[in-house]
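Sequence order for the protein chains is V and C.
Numbering follows this note's numbering, with no gaps: position 191 of the first sequence is 174.
Heads up: take any position in the second sequence, counting from 1, add 256, and you land on this note's numbering.
Below you'll find the structure, written out as structure tokens, and then a few comments.
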Amino acid sequence: MVDGPVPVVRRALSGVLAASLLGLFVLPVVALFVYAGGGGIVAAARDAGFRISIEFTLLASGLAVGLGLLTGVPLGYLLARHRFPGRTVVESVVLMPVAIPHLVVGIALLLLFAPSAPLGRLTAALGIPIFDSIAGVVLVMVYVGASYVVLTSELAFRSASPGALDAARSLGASPTEAFVTVTLPSAARGIVTGALLMWARGISEVGGFLILAYAVTPSPPWGGPVTSTASVYVYNLYGIEGLPGATSAAALLVLVALAIFVTVRLLDRTGFAWARGGWFS
Amino acid sequence: MSRLELVDLGADVGGFRLGPIRLAAAPGEATVLLGPSGAGKTTLLRAVAGFLPLRQGSVLLDGARIDRLPPHRRGLGFVPPDLGLFGHRRVRRNVGYPLELAGAPEAAAETDRWLARFGLSHLAERYPAELSSGERQRVAMARALAAGPRLLLWDEPFSALDVESRDVLLRLVRELVEAEGLPLLLVTHDPTVTFAVASHVVVLEAGRVRFDGPPDRLATGPLDRFTARFLGYENLFAASELDGAADPVLAQGLRGAAGAEGLVVPAEAVRWSADPGRTASVASVRWTAAGWVVAVRDGRLVFRARAVAEPPGVRVGDRVALAVDPAACRPLGSATTGGGP
């Protein structure tokens, strides 16, 4: 069947529009790498301060994703499988952090957790200071990113076969066994996607850190020197050295983020064959 | 070998009220729950499985109540409408799932045995998404039986199959139910499946039993109006319509079914006749998988006649000669339920 002129024009228009958006996504990153150049990226990698800030960011974002999963997956399950009064309110609250400007997030958290605020004094007394600490960075990351875990988990649990859980129960699985052996693995891909989005959101955050955890002082589990998140480090370089200094560090940060992102996506696309080979398959 | 009894079982889902239902299924007996969508078949199955709380009544297996046990302690082999296969597990670990849970010492060998029995050995390393519909059905059934159940509960397991695959599985089901000596409660809306597998049929409508008996009684015995319509009979005539003077042949059929409230006249019982003395006007003609169906008006009555072998080549408005075989007619009445524990 030969396409008439209208479908051809429609396809061409769709192609141009899609390519425009993809170009918008890709071109700035390409410009970053071209501008930084291989030498610039290597030089950024040799910057001990930046390397420390990347290590810190990976640690903090890992902790944040862990906390996000611990709290977000049960909430996603609750929203997917249960009807209860106030459910719509809960769903709106889950979406709220996505809509709040991140500087505002920092200010709001500072009001609660500043060293002089009651909650700040309480957490400090418990050995978990929030202001200018790794706990503050983690808190911001959870605030701005955990919504993604809740939303994708909810979707994953909702789309899982309703019969599979019943079948598992009838075949001898207690509610806990059925959840662990059937429900959770069925939703694993959605949960991993949510974790990945949350992680990406966390390492790209700046505004909240500028207010709540600009210069991170050592406190467990961060035993390194005073540092900042990698995004804040790049922001500082831009302020001090201008574009040339910031570009190389920014390009290296993008490389690290892309490497992790692509690795997880590849594992996801192969259907977690690594996991299926063992406990899941 | 287990015997299932439902004693005045009732359950509510939203505004839907099921029961009370009395039903008994002997070991090796396939009880088919038949009815249209919304009749309460799945609700009944889920209530027996323990996924729905009972409003009243009890579920007994070998005389012991199981309705107070959670689903995983009832000894079930349950197959839900979507089969409930675990997409993240290969076929082998789907079938072996209940054996793993039970910590069976010979789990691997037992799994292999069930895989072989259902012709799944060569598919053992595939994931459910890589199987055809028929293969997926076999995995679900093998897994249900591998659990070593005392009762099989299968909900529309043949709905996604072509006729050939369905017939193969139906044969397998018949063999297994007899060989394992298990009671099977099978939900379907398909009369063909029912007659192929059932040793006992319960027809449900709006949560109530409309027929309860063996399949041969459903095939040849008296039917109430709902059950007759559900089975596809289109010619249902109340006794008052079968005025002897107007329709002596049908009146003869009615006399043959003493006490009936009317007659069910299968379309196959209405034949083209060489006798031009009894003619009727063709009201409509349509083609179905079972042949041409011709609606004819004979005085006050409208018949639907089926011609399988020879398309009649008649048109709306033509007059055709008819003959009705009174022996092929079935009584229409309300006394069609019975059985129970």
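By construction, the Cβ of each residue, glycine as well, lies at the ideal position given by its N, Cα and C atoms.
Q | Members of the stretch 124 to 146 of chain V that neighbour chain C once the beta carbon cut-off is set at 8 Å | A | Ser144, Pro145, Gly146
Q.
The alpha helix (DSSP H) that contains isoleucine 35 of chain V, what's its start and end?
A. 31 to 64
Q: Report the residue from C/Val541, C/Gly469, C/Arg394 whose alpha carbon sits nearest the alpha carbon of arginine 278 of chain C.
A: C/Gly469
Q: Drop a sphere of 10 angstroms on the beta-carbon of aspartate 411 of chain C, count the other beta-carbons inside from all chains shown, and report buried for 16 or more, exposed for fewer.
A: buried
Q: Could you confirm whether any beta carbon from chain C is found closer than 7 Å to the beta carbon of valine 247 of chain V?
A: no
Q.
Let's test the definition: count the other Cβ atoms within 10 Å of the Cβ of arginine 575 of chain C and tell me whether it reaches 16, buried, or not, exposed.
A. exposed
Q) For the beta strand (DSSP E) that histidine 456 of chain C lies in, which residues bound it at each end? A) 456 to 461
Q.
Assuming serine 421 of chain C is part of the beta strand (DSSP E), what are its boundary residues?
A. Run containing serine 421 of chain C: none in the beta strand (DSSP E); it sits in the alpha helix (DSSP H), 419 to 436.
(Q) For valine 56 of chain V, which residues in the same chain have their Cβ closer than 7 Å to its Cβ, ignoring the five residues on either side in sequence? (A) Val132, Ser136, Ile174
Q: Examine chain C for any beta-carbon lying closer than 7 Å to the beta-carbon of arginine 70 of chain V, and answer yes or no.
A: no
Q. Are there 16 or more other CB atoms within 10 angstroms of the CB of glutamine 393 of chain C, so buried, or fewer, so exposed?
A. buried
**Q.** Supposed close pair alanine 403 of chain C, leucine 154 of chain V - CB separation, criterion 8 Å
**A.** 5 Å
Q) Residues of chain C with CB under 8 Å from valine 165 of chain V, in chain order? A) Phe342
Q | Cβ pair proline 471 of chain C, valine 458 of chain C closer than 7 Å | A | no
Q.
Please classify tryptophan 182 of chain V as buried or exposed, where buried requires at least 16 other C-beta atoms within 10 Å of its C-beta.
A. buried
Q) Nearest CA to the CA of valine 526 of chain C: which residue from C/Leu300, C/Val550, C/Gly518? A) C/Val550
**Q.** Burial state of alanine 139 of chain V, where buried means 16 or more other Cβ atoms lie within 10 Å
**A.** buried
Q) For a contact meaning CB atoms closer than 7 Å, what does alanine 156 of chain V contact in chain C? A) His328, Leu357
Q. Is the CB-CB distance between aspartate 264 of chain C and glycine 313 of chain C below 7 Å?
A. yes
Q.
Here's a check: name, in chain order, each residue in its chain whose Cβ is nearer than 6 Å to the Cβ of glycine 331 of chain C, leaving out the five neighbours to either side.
A. Pro405, Arg406
**Q.** Endpoints, the beta strand (DSSP E) within which arginine 141 of chain V is located
**A.** That residue, arginine 141 of chain V, is in no beta strand (DSSP E); its alpha helix (DSSP H) goes 117 to 142.
Q | Short-range partners of chain V found in the stretch 367 to 398 of chain C, where Cβ spacing is below 7 Å | A | none
Q: Give the single residue among V/Pro208, V/Trp205, V/Val245, V/Tyr197 whose Cα lies nearest to the Cα of valine 217 of chain V.
A: V/Tyr197
**Q.** Buried versus exposed, by CB contacts within 10 Å (16 or more), leucine 474 of chain C
**A.** buried
**Q.** CB contact check: tyrosine 353 of chain C to chain V, cutoff 7 Å
**A.** yes
Q.
According to DSSP, phenylalanine 467 of chain C sits in a beta bridge with which residue or residues?
A. C/Val459
(Q) I want to know whether the stretch 157 to 177 of chain V touches the stretch 113 to 123 of chain V - three or more CB-CB distances under 8 Å. (A) no
Q: Put serine 314 of chain C into one of helix, strand or coil per three-state DSSP.
A: strand
Q. Rounded to a whole number of angstroms, what is the C-alpha to C-alpha distance between leucine 408 of chain C and alanine 82 of chain V?
A. 51 Å
Q) Roughly how many angstroms lie between the CA atoms of alanine 501 of chain C and alanine 577 of chain C, to the nearest whole one? A) Its pLDDT being 41, under 50, alanine 501 of chain C is placed unreliably in this model, and the value from its coordinates should be taken loosely. Each residue's Cα considered, the two are about 18 Å apart.
Q) Does DSSP put glycine 275 of chain C in a helix, a strand or coil? A) strand
Q) Leaving out the 5 sequence neighbours to the left and right, which residues in its chain are closer than 7 Å to leucine 310 of chain C when beta-carbon positions are compared? A) Leu265, Gly266, Ala267, Ala303, Asp323
Q. How far does the beta strand (DSSP E) with threonine 535 of chain C in it reach, from first residue to last?
A. 535 to 544
Q.
Can you confirm whether leucine 250 of chain V, when its beta carbon is compared against all beta carbons of chain C, has any partner nearer than 7 Å?
A. no
Q | Local conformation of phenylalanine 493 of chain C per DSSP, three classes | A | strand
(Q) Three or more C-beta pairs under 8 Å: does that hold for the stretch 15 to 29 of chain V against the stretch 176 to 192 of chain V? (A) no
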